[in-house]
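I have placed the structure first, in the form of structure tokens, so that the comments after it can refer back to it.
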Amino acid sequence: MDIILRRDVKTKTFRLLMDIHKSGKREDIIAILMLAAENDGQVGPEDICMHLIANRPVTVGERIIQRCVELGVLEKQNRQKTNDFMGFFQGTRRLENETIPQSIVTATLTDEGRRAVEKKRVFLPERGLYQILYSDDPLLPSPLLDCIPDDKKSDKDENREEIDFSIRTSLENRYFKTLGKERNEIFVERIEQYGRQISTKKDVSLTYSLLENGNVILRLNGDLETKLEPPKYSQMEIWYMLVESMGISDDWDSNTQCLRRGFEELKQKDIVNFTTGLRTNSLAIEGMGEFNDVEVKGVPIIPRTQRDAQRWAIWLLKNEINDYAKSHEYEDIVQRIRNKFPGYDINLPSQVELARMIREEAGEKLPPSYWYLKAPIDIAYRSEAL
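So my numbering is basically just the index in the sequence shown, starting at one, shifted up by 1066.
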């Protein structure tokens, strides 16, 4: 069976003044960080000048180091070093066996720097007005769904209000992957205390599918389209919550893994396929919230009572008569139907009895199934008479 749970996602849109860092490709910075990574996490201005920007003064390397420090990917360390290459960098002649003790600046990779080396991307600082799409839905990986620059250059003319403290603290000093058209990775450093909530209608919904083939899929639909990491629930765990919520747990047969159903409750396709569908508009799951549309397809079913089984089997027998059936062919059909009801004592009519039943139920106009049964009987009778 397939279990599909859906719900609308409640969102809020804010216009906020923020300090953020947006992930971007900076090959020049990455080259410096990789140089440090190859040297036990350390790099100095002279290393940069020697390997990356030949024939440039050491001061250029120092400025590059400083920029990397400002980006948070390197951390400065002062150390004493005996350097016999300083004459080369300063444009002076080094005397034989001369060494020059000097206090120089080196830098080491920070955690952010190692992250940048791994992902080949650097977080670059920005400050400005942004529109953010926010949600506290427990199934979402983070409360920040999208963050885009706002067209307005300033918010001075707007009636701003204090943004809920819990919203600001849930976003500040955290990394996020946005789910909008531009999939960006950002770090929110600071949000101004005052901003504005915008009345913007967003169509966002969640679909949580636990399929018969074993696939479990959590998908965001509507204005945001993406797959998400699904919760760690098995299909049967969700199923037991569902039958309990619908008040049908007593109808579930754990031995056969089937739902008991009365014959009168079934649609024609249910009778033929031995499966049914269920639907409810409310299912609350701890840690996941409430779903307002739950659909189950292909639930295996068995008769609730012996009487239901008998009626079900006779219906199937009548439905199987769609061609002329000789005596042995009819017996094969009967046996095949009995096999569909293990654990039930199924008593099916003979070919003559079934023809009589169909005639009595039909009234004046006899259906083809009557003749499919009656004709072979008449032919067999005449053959015996001859």
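Glycine residues also receive a C-beta, built at the ideal position from the N, C-alpha and C atoms.
- By the beta-carbon neighbour count (other beta carbons within 10 angstroms, threshold 16), arginine 1234 is buried.
- The Cβ neighbour count for valine 1075, taken over all protein chains shown within 10 Å, is at least 16; the residue is labelled buried.
- Contact between arginine 1081 and aspartate 1269 is absent: CB atoms are separated by about 20 Å, not below the 8 Å threshold.
- A check of alpha carbon separations from alanine 1379 across Phe1329, Tyr1396, Gln1417 and Tyr1390 identifies Phe1329 as the nearest.
- Relative to the Cα of methionine 1423, the nearest Cα in the group Phe1407, Ile1095 and Lys1440 belongs to Lys1440.
- Across the structure, phenylalanine 1340 and valine 1365 are spaced so that their CA atoms are roughly 8 Å apart.
- Put simply, the backbone Cα of arginine 1187 is about 10 Å away from that of arginine 1180.
- DSSP places phenylalanine 1329 in the helix class (H, G or I) of the three-state scheme.
- Residue nearest to valine 1418 within the set Pro1123, Gln1301 and Ile1443 is Ile1443 (criterion: CA-CA distance).
- Across the structure, aspartate 1203 and serine 1265 are spaced so that their CA atoms are roughly 19 Å apart.
- Counting along the chain, no beta strand (DSSP E) covers alanine 1391, and no H or E run does either.
- If you compare the alpha carbons of Gly1343, Gly1138 and Glu1128 with that of histidine 1087, the shortest gap goes to Gly1138.
- By the criterion of at least three beta-carbon pairs nearer than 8 Å, the stretch 1273-1284 is not in contact with the stretch 1317-1336.
- Short of 8 Å from the beta carbon of glutamate 1228, and not among the five residues preceding or following it, lie these beta carbons of its own chain, in chain order: Gln1259 and Tyr1260.
- Counting C-beta atoms within 10 angstroms of its own C-beta, serine 1435 has 16 or more neighbours from the protein chains shown and is therefore classed as buried.
- Excluding five sequence positions before and after valine 1360, the CB atoms of its chain that fall closer than 6 Å to its own CB belong to Leu1071, Thr1346 and Leu1349, given in chain order.
- Secondary structure note for glutamate 1356: its beta strand (DSSP E) is the uninterrupted segment 1355-1357.
- Per the coordinates, the alpha-carbon of tyrosine 1200 lies some 14 Å from the alpha-carbon of tyrosine 1241.
- Contact between the stretch 1407-1416 and the stretch 1368-1386 is established, with three or more Cβ pairs separated by less than 8 Å.
- Counting other Cβ atoms within 10 Å of its Cβ, alanine 1120 stays below 16 and is therefore classed as exposed.
- Per DSSP, glutamate 1192 is one residue of the beta strand (DSSP E) stretching across 1188-1200.
- Judged by beta-carbon spacing, leucine 1308 lies beyond the 7 Å limit of proline 1296, meaning their Cβ atoms are not closer than that value.
- Taken in chain order, the complete beta strand (DSSP E) segments of 3 residues or longer contained in the stretch 1197-1268 are 1210-1215, 1240-1243, 1251-1257 and 1260-1264.
- Only exposed fits leucine 1432, as fewer than 16 other CB atoms lie within 10 angstroms of its CB.
- Using a Cβ distance threshold of 7 Å, alanine 1173 and valine 1109 count as a contacting pair.
- Relative to glutamate 1291, the option among Ala1103, Ile1214, Ser1315 and Leu1245 whose CA is nearest is Leu1245.
- In its chain, beyond the 5 residues on either side, Phe1242 have a beta carbon closer than 6 Å to the beta carbon of serine 1208.
- Considering only Leu1083, Ile1257 and Asn1225, the residue with the shortest C-alpha distance to serine 1232 is Ile1257.
- Isoleucine 1351: member of the beta strand (DSSP E) spanning 1349-1351, first to last residue.
- Across the structure, alanine 1391 and glutamate 1397 are spaced so that their CA atoms are roughly 9 Å apart.
- Going by DSSP, lysine 1088 is part of no alpha helix (DSSP H) but of the beta strand (DSSP E) stretching over 1078-1090.
- Between arginine 1133 and leucine 1272, the C-beta gap is not smaller than 7 Å, which leaves the two residues out of contact.
- In this structure, the CA atom of asparagine 1358 is about 13 Å from the CA atom of serine 1311.
- Taking the Cα of arginine 1262 as reference, the smallest distance to any Cα among Leu1083, Ile1069 and Cys1213 is reached at Leu1083.
- The C-beta distance from leucine 1175 to leucine 1140 rounds to 7 Å, short enough to meet the 8 Å contact threshold.
- One thing to note: leucine 1101 has its Cβ within 7 Å of the Cβ of histidine 1117.
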